[in-house]
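To start, the structure under review is shown below, and the notes come after it.
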Amino acid sequence: MPELPEVEVVRLGLVPAVDGATVAGVEVLDVRSVARHLEGPRDFEATLLGRRMRTPARRGKFLWVPLDDERALSIHLGMSGQVLLREPGAPLDRHTRVRLLLEHPLHGSLAVHFADQRIFGSMSVRPLVGGVPDHAAHIALDPLDAAFDADAVVARLRRRRQGVKAALLDQTLVSGIGNIYADEALWRARLHFLTPAERLTRARGRLLLAEVQGVIERALGEGGTSFDAQYVNVNGQSGYFSRSLQAYGQEGRPCARCGTPIVREAWANRSSHRCPRCQRRPRGIA
DNA sequence: ACGGATCCCTGCGGGC
DNA sequence: TGCCCGCAGGGATCCG
1 MPELPEVEVV
11 RLGLVPAVDG
21 ATVAGVEVLD
31 VRSVARHLEG
41 PRDFEATLLG
51 RRMRTPARRG
61 KFLWVPLDDE
71 RALSIHLGMS
81 GQVLLREPGA
91 PLDRHTRVRL
101 LLEHPLHGSL
111 AVHFADQRIF
121 GSMSVRPLVG
131 GVPDHAAHIA
141 LDPLDAAFDA
151 DAVVARLRRR
161 RQGVKAALLD
171 QTLVSGIGNI
181 YADEALWRAR
191 LHFLTPAERL
201 TRARGRLLLA
211 EVQGVIERAL
221 GEGGTSFDAQ
231 YVNVNGQSGY
241 FSRSLQAYGQ
251 EGRPCARCGT
261 PIVREAWANR
271 SSHRCPRCQR
281 RPRGIA
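Just so you know, we're using full-length UniProt numbering here: the first sequence kicks off at 1 and counts up by one.
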C-alpha cells in the first residue's frame, strides 16, 4: 500500500528509536514474512541478534536499517506492511509477523512489531552494495534524493514508447511512485495515463516530474495517505493526505479544475483515475 | 522493449 | 445470513 511518502514517514519515526540501538531479541512469527532472507528464518534471527543499528535509510519504497557489519535490515512494506513501536511485552498487533526487541542506550527497551496483513512485504538481512541492500540495487533514485537528476530522468522518459503512467511506475526509471501518486501527478499535469512517454516535450516532461515531486512533498507534509487503519506511522497514526487527493479514489466526484466527474478505468490489472476533460485521451491511442 | 498475465496473500464491502 | 466476486497503496517473473 505505501508509496514513498508513507515509507518516509515510517523511516522518520524509526530514526530516533533505532539509531544506536542494539538488537536484544528477534522472533519470526510467520516465516513467509522473511522469505526474502534466503538463509532462512533461524538465520535471520541469529544474524540480527546482538547487532547495533544505525540511521535508517530509504530509496523509493525500500527502507533499511544499516547494521554494524556492512549489512542492513531491509524492510519492504509491500501492500500492507506496518512497522510499529511498542513497549516491550506489549500485546502483539494484529498480523504481527516479526517482533524485535531493542536496547537503546538512551531510551531503554523497545519492541518493534512488523505487521503485514497480506504478506507482500518482507524483512531480510542483506549485504550493502554501494550503500544500498543488494536486492534494491536496480532501484532508481527517488525524487527526494539529493542526487536526483530530473533532467536525466526526463531524457530517459522521453526515450520510452510506453504509456507515461507505466513509465512513472517503473521503479528503475524513478522510484517511489505508486498508483496513488501516479494518478495525482498525471491529474496535476493534465496528462492521460496512456500518453506515450516519447510524445512528451522536454518541458512537459519536466513539468510532470515537478508535479510528482510536489505531490510527494505535500503528502509527506500531511503524514502520508491513509484510507483506513491500513497505512499508519510507527505510532499507529494515520496520515491526512487522503483529504487532498484530486483523482485517486475520486470516481464520480467533480474535478477540482473543471467540475467534470472523475472516472475510474481498468488499467494493467489495477485502476486509473482521471478527469475525462482535463486529461483527454491522446490522438491515435485506443 | 513492452504489454499483459500470473503469482505471492488476506480481508473488506457490495450484490445477489 | 451466507456466498461469491471484485477490489486493494507492490513487485518479481514469465510469456509472447
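A virtual CB, placed ideally from N, CA and C, is assigned to each residue, including glycine.
Cβ-Cβ distance between residue i and residue j below 7 Å
i: I180; j: G60; result: no
i: L49; j: R97; result: no
i: L77; j: G121; result: yes
i: E27; j: R99; result: yes
i: L14; j: I216; result: no
i: P133; j: S74; result: yes
i: L245; j: G205; result: no
Any non-hydrogen atom of the ligand FAD within 6 Å of residue i CB
i: G284; result: Here there are no bound small molecules, and the ligand FAD is not part of this structure.
Identity of the residues DSSP links to residue i by a beta bridge
i: M53; result: L67
i: M123; result: I75
i: R158; result: R158 is not bridged to any residue.
i: P254; result: P261
i: G89; result: Bridge partners of G89: none, in fact.
i: P196; result: G163
Beta strand (DSSP E) segment containing residue i, residue limits
i: F114; result: 108-116
i: E265; result: 263-267
i: G13; result: Taken as a continuous stretch (DSSP letters only), G13 belongs to no beta strand (DSSP E), being part of the alpha helix (DSSP H) at 4-18.
i: R274; result: 270-274
Buried versus exposed, by CB contacts within 10 Å (16 or more), residue i
i: R257; result: exposed
i: V129; result: exposed
i: T47; result: buried
i: A247; result: buried
i: H273; result: buried
i: P127; result: exposed
i: D228; result: exposed
i: R195; result: The sequence as given places Thr at residue 195; Arg does not occur at that position. When all chains shown are included, T195 counts as buried.
i: D69; result: exposed
Endpoints, alpha helix (DSSP H) assigned at residue i
i: G221; result: 202-221
i: A98; result: First, the residue type needs correcting, since residue 98 is Val and not Ala in the sequence shown. Unbroken run through V98 is the beta strand (DSSP E), 96-104; no alpha helix (DSSP H).
i: T47; result: 41-48
i: V164; result: 164-169
i: A182; result: 179-189
Three or more beta-carbon pairs under 8 Å between the segment 87-107 and the segment 12-29, yes or no?
Yes, they touch.
With three or more beta-carbon pairs closer than 8 Å as the criterion, would you say the segment 182-191 touches the segment 142-153?
No, because fewer than three Cβ pairs between the segment 182-191 and the segment 142-153 fall closer than 8 Å, the two stretches do not touch.
For the segment 195-211 against the segment 234-254, do three or more pairs of beta-carbon atoms, one drawn from each stretch, fall closer than 8 Å, so that the two count as touching?
Contact between the segment 195-211 and the segment 234-254 is absent, with fewer than three C-beta pairs closer than 8 Å.
Three Cβ pairs or more, each shorter than 8 Å: is that satisfied between the segment 151-169 and the segment 110-117?
In short, these stretches do not touch, since the Cβ pair count stays below three.
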